[in-house]
Amino acid sequence: MNSLQRTVNLSVLYYFMDFIKKGTYFMSFIRNNKQSLLSLSVALGISLLSACGGSSDSNETPLTPPANNGANEPTWVQGVFQPSSDFVAQCQSPRSGSSPITGIAYPDKAGSELHEKHWQRAFTHETYLWYKEVVDKDPKNFGLVEYFNQLKTTAVTDSGAPKDQFHWMQPTSEVEEQTQLGVTYGYGISFDFQSSQVPRSWQVKNVTPDTQAFDLGVSRGSKLLEIDGIDFVNTVSQSDVDAINDAMFSRNEGESHTFKFVDINNVEYEVILQTAAISGKPLQLAKTIDTAQGKVGYLLLNSFNNTVVEKDLFEQFTQFSNEQITDLVVDLRYNGGGFIALSSQLAYMVAGEVATQNKLYERIVYNDKIASEVIPFFDVTLDLRRLIGGDSIIQENQPLPTLDLPRVYVLTTGSSCSASESFINALVGVGVEVIQIGDTTCGKPYGFVSEDNCGSTYFTVQFKGENHLGFGDYADGLIPTELPEAGKDYQIQGCPIQEDYLNALGDEQEILLSSALYYLAHNTCPEIENNASLTLTQSTTPRVNAASSVGTGPAVKTRTPRQDAIISDIYFDKFRDIKSKVGEQ
0 MNSLQRTVNL SVLYYFMDFI KKGTYFMSFI RNNKQSLLSL SVALGISLLS
50 ACGGSSDSNE TPLTPPANNG ANEPTWVQGV FQPSSDFVAQ CQSPRSGSSP
100 ITGIAYPDKA GSELHEKHWQ RAFTHETYLW YKEVVDKDPK NFGLVEYFNQ
150 LKTTAVTDSG APKDQFHWMQ PTSEVEEQTQ LGVTYGYGIS FDFQSSQVPR
200 SWQVKNVTPD TQAFDLGVSR GSKLLEIDGI DFVNTVSQSD VDAINDAMFS
250 RNEGESHTFK FVDINNVEYE VILQTAAISG KPLQLAKTID TAQGKVGYLL
300 LNSFNNTVVE KDLFEQFTQF SNEQITDLVV DLRYNGGGFI ALSSQLAYMV
350 AGEVATQNKL YERIVYNDKI ASEVIPFFDV TLDLRRLIGG DSIIQENQPL
400 PTLDLPRVYV LTTGSSCSAS ESFINALVGV GVEVIQIGDT TCGKPYGFVS
450 EDNCGSTYFT VQFKGENHLG FGDYADGLIP TELPEAGKDY QIQGCPIQED
500 YLNALGDEQE ILLSSALYYL AHNTCPEIEN NASLTLTQST TPRVNAASSV
550 GTGPAVKTRT PRQDAIISDI YFDKFRDIKS KVGEQ
């Protein structure tokens, strides 16, 4: 038994890790942690597959399944469900060998497409949050992908959008590359994918510090014109688009490509960039701003993924406390989520002990077959990096510094997802006034335990998060609203404002930060000339599987914030040496 399998066998809680250390109970909840699915398998009889992934690598050799005469095919009886373990890893095209990324042997054995569809059906019935809303149809009447696509609710939200916008499957090999490798390969440039068809428009939102792109002067607001001499904006050649995709999404470290941009002053410039492992900088910027109303703290926090940020936030809030700041702006505009324990710590440091005492940060609600779980406001350091198998970076069980603020300003866009939304919703739930400035968040109150079967990874909603008041229905996102309507808790007091990329992040003239400072001084939203009008019912950011394009011709690949957030959360599967601390002293 390898280390990952031992880890899985030790994980006995629902979708998150509990840790008991020296008599102190605390938990580090990780959204989408597949390793903790064993509790569900115990309760429901599901056979857990550890990294049952696919790949085109030479290690993967498809086996030729025996001719199937139908004698061993599963049969469908409406409303009668066998355990998913009865069908797991029975594949139409089974693989042999092991994953080149995880090293885990493939468990595949000869089966049929019908076995795979019956596994989909059973897995959905066991774990899907809204399984009662799924119409049970005969798998024989559908193809594999077609069948899974309809195994979901057809209900809609208040805006008319599908309630479930997170349901899909993709090759496991792709998911493993994005998650198990533990790093992102690229250039450190984040784009706003305004249009991916002719005339294409990609604008630089942010450049990761300490990357080659940052050092060579790629600037926020710049628009992409060419890649390797190819007209990015206007080409209608599929071969050109393929070359662009290969350059933009290359996983070959050290591969060089030439980019031409035009900056916000209409000056064109070229840079030669090499693909590299990008670890990111979660706390990109922190500073104190002197205003007529007092000292205002500002944090640009791009992720809750990187556990180093626990130490960074501890030190920064200690500094804010020493400086006696009176207000705080938390910039989560590009924060796609991550460890909910870290967002809980952040919320506690903002609100303090009195506001959070005897209150929950988030309640995790599953379907009616699984008991709900509670995430507390963490009030001490966890040394989360050590708990997930890394080096210790901060002494555990230190009381967190607090600001005890009755109000906090949060900057958001459609890229603010998951744990970032939990941060806002949790603070609202305990009575802290949240002023939301920017665009509607991505709308991801749900969580997943991705599951692999026969070379495909399946994503289906399995739980949702609710705040202390029991609210968690914001599938259309959390919406900044000048005059929120009673009963619409997804509307958050604030200002709907489109960011414009004209100023550097953290600059007091940058439109979202300046709007927060204006609101702080005047208790109302600023009037901004020519700012794009934002809808108050749905995020302006494209949803999962939606095309980010408005033109013609072949589309360049894009990645939506929602899907990035989901894949980002599953990133934590890379910690294959996690040891459950349950019951240890």
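Residues 0 to 584 (numbering that gives the first Met the number 0) make up the sequence shown, in order.
Glycine is no exception: its CB is placed at the ideal position from the N, C-alpha and C atoms.
Whole-Å CB distance - residue 471 paired with residue 418, under 8 Å assumed: Translated into the one-based positions of the sequence shown, residue 471 becomes position 472. Translated into the one-based positions of the sequence shown, residue 418 becomes position 419. That pair is no contact at about 13 Å.
In angstroms with no decimal places, state the Cα-to-Cα distance between residue 334 and residue 75. Along the sequence shown, one-based indexing puts residue 334 at 335. Along the sequence shown, one-based indexing puts residue 75 at 76. Approximately 44 Å, taken between the alpha carbons.
Please go through the stretch 454-511 and give each complete beta strand (DSSP E) segment of 3 or more residues, from N-terminal end onward. 455-458, 462-465, 478-480 and 490-495
Any idea which residues DSSP pairs residue 273 with across the strands? Position 274 of the sequence shown holds residue 273. Bridge partners of residue 273: 255.
Residue closest to residue 392, alpha-carbon to alpha-carbon, out of 303, 271 and 380: On the sequence shown, residue 392 is found 393 positions in, with the first residue counted as 1. Nearest of 303, 271 and 380 to residue 392, Cα basis: 380.
Buried or exposed by the 16-neighbour rule on C-beta atoms within 10 Å, applied to residue 120: Here the question's residue 120 lines up with position 121 in the sequence shown. Its Cβ being crowded by 16 or more others within 10 Å, residue 120 is buried.
Mind pulling the beta strand (DSSP E) runs of 3 or more residues that sit fully within the stretch 176-233? 183-185, 188-194, 200-206 and 222-226
Whole-angstrom C-beta distance between residue 436 and residue 511, which should lie under 8 Å: What you label residue 511 is simply residue 512 of the sequence shown in a count that begins at 1. What you label residue 436 is simply residue 437 of the sequence shown in a count that begins at 1. 5 Å between Cβ atoms; contact.
Sorted by chain position, which residues of the same chain lie with C-beta nearer than 7 Å to residue 485's C-beta, five sequence neighbours on each side aside? Translated into positions along the sequence shown, residue 485 becomes position 486. Same-chain partners within the cutoff: there are none.
Would you report the Cα separation of residue 245 and residue 285, rounded to the nearest angstrom? The residue labelled residue 245 in the question sits at position 246 within the sequence shown. The residue labelled residue 285 in the question sits at position 286 within the sequence shown. Approximately 35 Å between the Cα atoms of the pair.
CA-to-CA distance, residue 198 to residue 236, given in whole angstroms: Working through the sequence shown from its first residue, we reach residue 236 at position 237. Working through the sequence shown from its first residue, we reach residue 198 at position 199. Their backbone Cα atoms lie some 13 Å apart in a straight line.
Please classify residue 255 as buried or exposed, where buried requires at least 16 neighbouring CB atoms within 10 angstroms. Position 256 of the sequence shown, counting from 1, holds the residue named residue 255. Answer is exposed; the Cβ neighbour count stays below 16.
Coarse secondary structure for residue 404, derived from DSSP in three states: To locate residue 404, count along the sequence shown from 1; it is residue 405. It is coil, neither helix nor strand.
Identify every run of the alpha helix (DSSP H) within the stretch 125-178, keeping only runs that are complete inside it and at least 4 residues long; order them along the chain. 143-148 and 171-178
Tell me which residues share the same chain as residue 155 and place their Cβ nearer than 7 Å to its Cβ, disregarding the 5 neighbours each side in the sequence. On the sequence shown, position 156 is the one that residue 155 refers to. Only 161 and 162 meet the Cβ criterion.
Taking the beta strand (DSSP E) that residue 349 falls in, what are its first and last residues? By one-based count along the sequence shown, residue 349 stands at place 350. Counting along the chain, residue 349 falls outside any beta strand (DSSP E), though it belongs to the alpha helix (DSSP H) covering 339-350.
Per DSSP, what kind of secondary structure is residue 451 in: helix, strand or coil? Position 452 of the sequence shown holds residue 451. Residue state, collapsed to three classes: strand.
How many Å lie between residue 265 and residue 138 at the Cα? Within the sequence shown, residue 265 is the residue found at index 266, counting from 1. Within the sequence shown, residue 138 is the residue found at index 139, counting from 1. Rounded to whole angstroms, residue 265 to residue 138 spans 56 Å at the Cα level.
Work out the CA separation of residue 78 and residue 372 for me, nearest whole Å. Position 373 of the sequence shown, counted from the start, is the residue given in the question as residue 372. Position 79 of the sequence shown, counted from the start, is the residue given in the question as residue 78. In a straight line, the C-alpha of residue 372 is about 29 Å away from that of residue 78.
Quick one: residues in its chain with C-beta nearer than 6 Å to the C-beta of residue 385, no 5 flanking neighbours on either side, listed in chain order? Counting from one through the sequence shown, the residue named residue 385 turns up at place 386. Contacts found: 391.
Can you give the beta carbon distance from residue 118 to residue 83, rounded, assuming they're within the 8 Å contact cut? Translated into the one-based positions of the sequence shown, residue 118 becomes position 119. Translated into the one-based positions of the sequence shown, residue 83 becomes position 84. Taking C-beta atoms under 8 Å as the contact rule, residue 118 and residue 83 qualify, at a distance of about 5 Å.
Sheet register partners of residue 90 (DSSP bridge): Position 91 of the sequence shown, counted from the start, is the residue given in the question as residue 90. Beta-bridge pairing links residue 90 to 109.
Can we say the stretch 351-364 touches the stretch 457-475, given the rule of at least three CB pairs closer than 8 Å? yes
Residue 87 and residue 614 - do their beta-carbons sit closer together than 8 Å? Residue 614 lies beyond the residue range present for the chain, which begins at 0 and ends at 584; the question has no answer from this structure.
Under the three-state reduction of DSSP, which class applies to residue 97: helix, strand or coil? What you label residue 97 is simply residue 98 of the sequence shown in a count that begins at 1. Residue 97 falls in the strand class under three-state DSSP.
In this structure, does DSSP put residue 309 in helix, strand or coil? On the sequence shown, position 310 is the one that residue 309 refers to. Three-state result, residue 309: helix.
So what does DSSP say about residue 290, is it helix, strand or coil? If you number the sequence shown from 1, residue 290 lands on position 291. Three-state result, residue 290: strand.
With a threshold of 6 Å on Cβ separation, who are the neighbours of residue 222 within its own chain once the five nearest residues in sequence on each side are excluded? Within the sequence shown, the letter at position 223 stands for residue 222. Cβ within range, chain order: 202 and 261.
When you compare only the Cα positions, how much space is there between residue 68 and residue 80? Numbered from its first residue, the sequence shown carries residue 68 at position 69. Numbered from its first residue, the sequence shown carries residue 80 at position 81. With a pLDDT of 42 at residue 68, under the threshold of 50, the predicted position of this residue should be treated as unreliable, though the coordinate-derived value follows. C-alpha separation (whole angstroms): 23 Å.
Skipping 5 residues on each side, what residues in its chain have a beta carbon closer than 8 Å to that of residue 394? Walking along the sequence shown from the start, residue 394 turns up at place 395. If we look at residue 394 and ignore the five residues flanking it on each side, its Cβ neighbours are 380 and 382.
Checking 8 Å against the spacing of the C-beta atoms, do residue 206 and residue 229 come in under that value? By one-based count along the sequence shown, residue 206 stands at place 207. By one-based count along the sequence shown, residue 229 stands at place 230. No, they are not a contact pair.
What whole-angstrom Cβ distance do residue 451 and residue 171 have, given they're in contact under 8 Å? To locate residue 451, count along the sequence shown from 1; it is residue 452. To locate residue 171, count along the sequence shown from 1; it is residue 172. With a Cβ gap of about 5 Å, residue 451 and residue 171 count as contacting.
My parser needs the alpha helix (DSSP H) runs of 4 or more residues fully inside the stretch 347-403; what are they? Complete alpha helix (DSSP H) runs here, min 4: 352-355 and 383-386.
Return the first residue and the last residue of the beta strand (DSSP E) that residue 432 is part of. In the sequence shown, counting from the first residue as 1, residue 432 sits at position 433. 432-437 is the span of the beta strand (DSSP E), which, as asked, contains residue 432.
Suppose you measure from the CA of residue 317 to the CA of residue 400; what does that come to, to the nearest Å? Position 318 of the sequence shown holds residue 317. Position 401 of the sequence shown holds residue 400. For residue 317 and residue 400, the distance between alpha carbons rounds to 6 Å.
Taking the alpha-carbon positions, what's the residue 543 to residue 147 distance? As a first step, residue 543 is located in the sequence shown; it is residue number 544 there, counting from the start. As a first step, residue 147 is located in the sequence shown; it is residue number 148 there, counting from the start. Note on residue 543: pLDDT 33, under 50, position unreliable in the model; the coordinate value appears next. Taking the straight line from one Cα to the other gives about 16 Å.
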